[in-house]
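Here the protein sequences come in this chain order: A and B.
One point on numbering: in the working numbering, the residue at position 511 of the first sequence is 512, and numbering is uninterrupted.
One point on numbering: in the working numbering, the residue at position 141 of the second sequence is 334, and numbering is uninterrupted.
Glycine is no exception: its CB is placed at the ideal position from the N, C-alpha and C atoms.
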Amino acid sequence: MSSTATDTAHGDGHGHDAHAPSGWDDPHGHGGHGAHDAHGHAEPHWLIKYFWSTDHKIIGMQYLFTGMFMALIGGFAVYVFRMQLAFPGMSVPFYGRVTATDYNALVTTHGSVMIFWVAMPVLIAALGNYLIPLMIGCDDMVFPRLNRLSYQLFLISAIVLIYSFFVDGGAFGGAWTAYPPLSAKAEYNLTPTGAPLWLFAVALEFAAFLLGGINFVTTVMNSRAKGMKMFDVPIVVWMIIIASILFMASVGPLIAGAVMLMFDQTIGTGFFDPNKGGDPVLWQHLFWFFGHPEVYVVLLPAMGIVAEVITTFSRKKLFAYKSVLYTAVGTGGLSFFVWAHHQFIAGIDPRMANIFSVTTLLISIPVAEMVFVYIATLFGGSIRLTTPMLWALAFIAEFLLGGVTGIFLGASGADIYFHDTYFVIAHFHYTFFPIAFIASFAALTYWFPKMFGRYMNDTWGKVHFWISIISFNCIFIPLFLLGARGDHRRIYDYTHFPDLMKSGMQDLRILATLSLVVLLVTQVIFLVNFFYSMVKGKKAEQNPWKANTLEWQCPSPPPHGNFPDGLPTVHRGPYEFSHPDRQEDYWPQNAS
Amino acid sequence: MSSSAFPRPIATTRSATGISTGKLAVWWLIASEIVIFGGVLGSYIMHRIGHPEWASQAEHTNTWLGAFNTIVLLSSSLSAVLAHNAAEMKDGKKAAKFLWFTILGAATFLVVKSFEWTHEINAGLTITSHTFWSFYYTAAGIHGLHVLVGGIIMAVIAVDAAKGKDLQRVEAVGLYWHFVDIVWIFLFPLLYISK
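Here it is as structure tokens:
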């Protein structure tokens, strides 16, 4: 599928190449012409081009399509275990009967796949790779081969994870947070091979993203277009950079923890075993020291996508660019001091719980500020309700609900009641679904014309949008209600718990499950629209949305080398819409 | 450097910060490594505070060999600096010579380490015998892996430097080597001295 996409990309690229008089601008005279000629004449074999490429756009596509494929796995897993919860003991269509072990493995797979193999690769790796060089006006990443290696490690990690479904004992079933002792001992988790393989896959994936992150940050620091100052960088690029730095600064302890847990699993050390002088809560600290900044690692790029989309479709300058930027940095900094709100009932000192309650409530302030800034940007704009704009607006609305319900959980007193209930699940999904899916759909529908040189169908886009949003809410509002009534999250069959089967609780579970099925089936509309439009969609021009950022100032799709008429020089910020001195309501960053 | 199918992009030649891309990347690599070692050592320190009785295990470590290895690593950092200095003077041959000295230091360190470990494992002090030893082997093992990788990278760079190629890499690998050195400066007192 990716080959079809990039075939188109290539055809167009050549067309533009032919018209371009010279190579890229090259301040150091470093083989620019040679490079250009090599591109024009020596065409690499397609296998090399799509699987061994160092072109940031192709690597971005590789991440995107791998992420989309993994989303199907994560989606299938949730379908199976939700069917079990709604109709316990039934033979689930396309799966069969779900045993308790299957149930644990499916829950774990859903969680880890959606976070590590969908949200991270799509939001950061795919969009970061695709957008960063285009948006900062250069021809590639500063470490193209490191970039390729990063994707290859990621691909191996995905293959290891998928392989772990088929080993003896099945896939790891200790939840995506992998708390010991359940995760540490095969006699508890019953997955002697699945557990270490899961851990290995996660660690490998971290290595891939560390390489990618270093590449992103260095690229933006050093390879911006001539004239592009710090505050001329589009918000989405800033957000991906801040997220990469957050990731780099937070994942270390978990990598260390993963090594320790792997030793506990395989050679019998006792890092997390109190009988041997270890401490199981230590894992929770190491995990959440990463895990909570991770929320912001994926949130910030999503916020950045929304900033790009709403400025373009309200034809207005982003309200308070610098505030958004400083707020994002502040959010990132603060996100290192909230992790222990995951341990309120793990036996931490209540005085410490108070401190973490305060920091957790504090972090809602910068996030709320970003939301206010976006609303202020919309205020008085000429709003165009295109499909990407709908997704961006929905992101703000739905994420707001996720944020507000977080206040309940951040307060240590309330959390004692809500901990490990479906209230937590619903809160988490009201933040993560907007991040991983709503924002990704906003991004994919917005940048689709750039990526493939064609439009997606807007009507089907809107149909997909409305059904998805409605069914999403119909899944998780019932789960809030269930959680508030004490529905525990780690239960395989509620019929064994009469207190949780009272007055209509099962009906709510069935409603949530049926809504989930609707949501999943609706994605077929998107996939068909996506792949059909890639080949048969209406041709898109260079700048279909009349946007300012640099990626719209090169051909759609961009050829190898990105800017056939020479790399751009930047004269102004990215959001100069509806400038009073201009006839057009936009002003590209590189226009003189 | 670059294959003909994928020529080197212009992005790799730009330097908006004035700092070379390679050096920037090494700094970011070090930043991410600090938190990895921070995770191991932080966990270890918390455990030591909670378990004063681990001192009875720690007293079996060989402080003198640890001290010897500290001196070896510190001197190898000196030759890394001298290699950088030679590279600045565009003297690739001299830079390579000093890098080989550093590699010799790395090798000595690893030989002493394996002697120590053999001795300890033979005495029954294995990675599973006590959580102190789990930390001891894990922390020093991850560090030793960094020494090994650093030595290999330096060998690759030394071969190129001797031909006068990519001399800017000498400084980058030097930065990394100093970092590996500093980690040991933390490991030595934590594992060998605090008894």
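Beta-carbon proximity check, residue i vs residue j, cutoff 8 Å
i	j	result
A:G333	A:L211	no
A:R149	A:I60	yes
B:L380	B:A316	no
A:L255	A:F291	yes
A:F82	A:L107	yes
B:G344	B:A288	no
A:F345	A:I417	yes
A:A244	A:V298	yes
A:S579	A:K317	yes
A:T523	A:S469	yes
B:W370	B:T295	yes
A:T550	A:M229	no
B:V219	B:L338	no
A:V123	A:S441	yes
A:F337	A:S413	no
Partners in chain B for residue i, counting only beta-carbon separations shorter than 8 Å
i	result
A:F264	I320, S327 and T331
A:P193	In chain order: nothing, as chain B lies at least about 17 Å away.
A:I256	I229 and G232
A:I1	Absent from the structure is residue 1 of chain A, since the part of chain A shown begins at 2 and ends at 593.
Three-state secondary structure (DSSP) of residue i
i	result
A:K540	strand
A:D586	coil
A:S4	Note that A:S4 scores 39 on pLDDT, short of 50, meaning its location in the model is unreliable and no value can be drawn from it.
A:R316	coil
A:R225	coil
A:Q344	coil
A:H29	Since pLDDT at A:H29 reaches only 42, below the 50 mark, its modelled position is unreliable, and the value read off the structure follows with that caveat. If DSSP states are grouped into helix, strand and coil, A:H29 belongs with coil.
B:E246	helix
A:I268	coil
A:G138	coil
A:Y180	coil
A:S579	coil
A:S441	helix
B:R362	helix
A:G112	helix
B:T295	helix
A:L255	helix
Within chain B, partners of residue i - CB distance below 7 Å
i	result
A:F272	T324 and S327
A:I268	I320 and T321
A:C139	I203, A204 and R207
A:M249	W221, A224 and S225
Proximal residues of chain B, C-beta to C-beta of residue i below 9 Å
i	result
A:M142	P202, A204 and T205
A:A548	Under the 9 Å cutoff, chain B gives no residues; its nearest Cβ is about 22 Å from A:A548.
A:T570	Under the 9 Å cutoff, chain B gives no residues; its nearest Cβ is about 13 Å from A:T570.
A:N276	Within chain B, no residue comes near A:N276; the closest Cβ sits about 10 Å away, beyond 9 Å.
A:V218	L217, A218 and W221
A:P134	P202 and A204
Which listed residue (the options) has its alpha carbon closest to that of residue i
i	options	result
A:G403	A:W392, A:F481, A:F338 and A:H465	A:F481
B:L383	B:G317, B:A218 and B:F325	B:F325
A:H561	A:I397, A:M249, A:C139 and A:L319	A:C139
A:P556	A:F449, A:G269, A:Y297 and A:V123	A:F449
A:E577	A:P559, A:T570, A:A548 and A:N563	A:A548
A:A329	A:H342, A:M371 and A:L363	A:M371
A:S151	A:A101, A:I476, A:R385 and A:Q63	A:Q63
A:Y180	A:M502, A:L132 and A:F288	A:F288
A:W634	A:R98, A:A72 and A:V238	Residue 634 of chain A is absent from the model: chain A starts at 2 and stops at 593.
B:T210	A:M222, A:W53 and A:T192	A:M222
B:S268	B:M239, B:K283 and B:F302	B:F302
A:L528	A:A369, A:H465, A:I241 and A:A541	A:H465
One or two residues paired with residue i in a DSSP bridge
i	result
A:A455	In the sequence as presented, Ala is not what sits at residue 455 of chain A; that position holds Arg. Per DSSP, A:K540.
A:H489	A:T422
A:V93	A:G97
A:T570	A:K227
Cross-chain neighbours of residue i in chain A, by beta carbon under 7 Å
i	result
B:W377	Going along chain A, no residue has its Cβ under 7 Å from B:W377, so there is no contact; the nearest lies around 17 Å.
Chain-ordered chain A contacts of residue i [CB-CB under 8 Å]
i	result
B:A251	Per Cβ cutoff of 8 Å: no residues; B:A251 is ~13 Å from chain A at best.
B:S387	Result: empty, since nearest Cβ-Cβ is about 16 Å, beyond 8 Å.
B:H244	G278
Chain A contact residues for residue i, given Cβ-Cβ distances below 9 Å
i	result
B:I335	A257 and V260
B:S236	P254, A257, G258, M261, F272, D280, L283, H286 and L287
B:T214	V143, F144, T219, T220, M222, N223 and S224
Any chain C beta carbon closer than 8 Å to residue i
i	result
B:T210	Absent from the structure is chain C; the protein chains it does hold are A and B.
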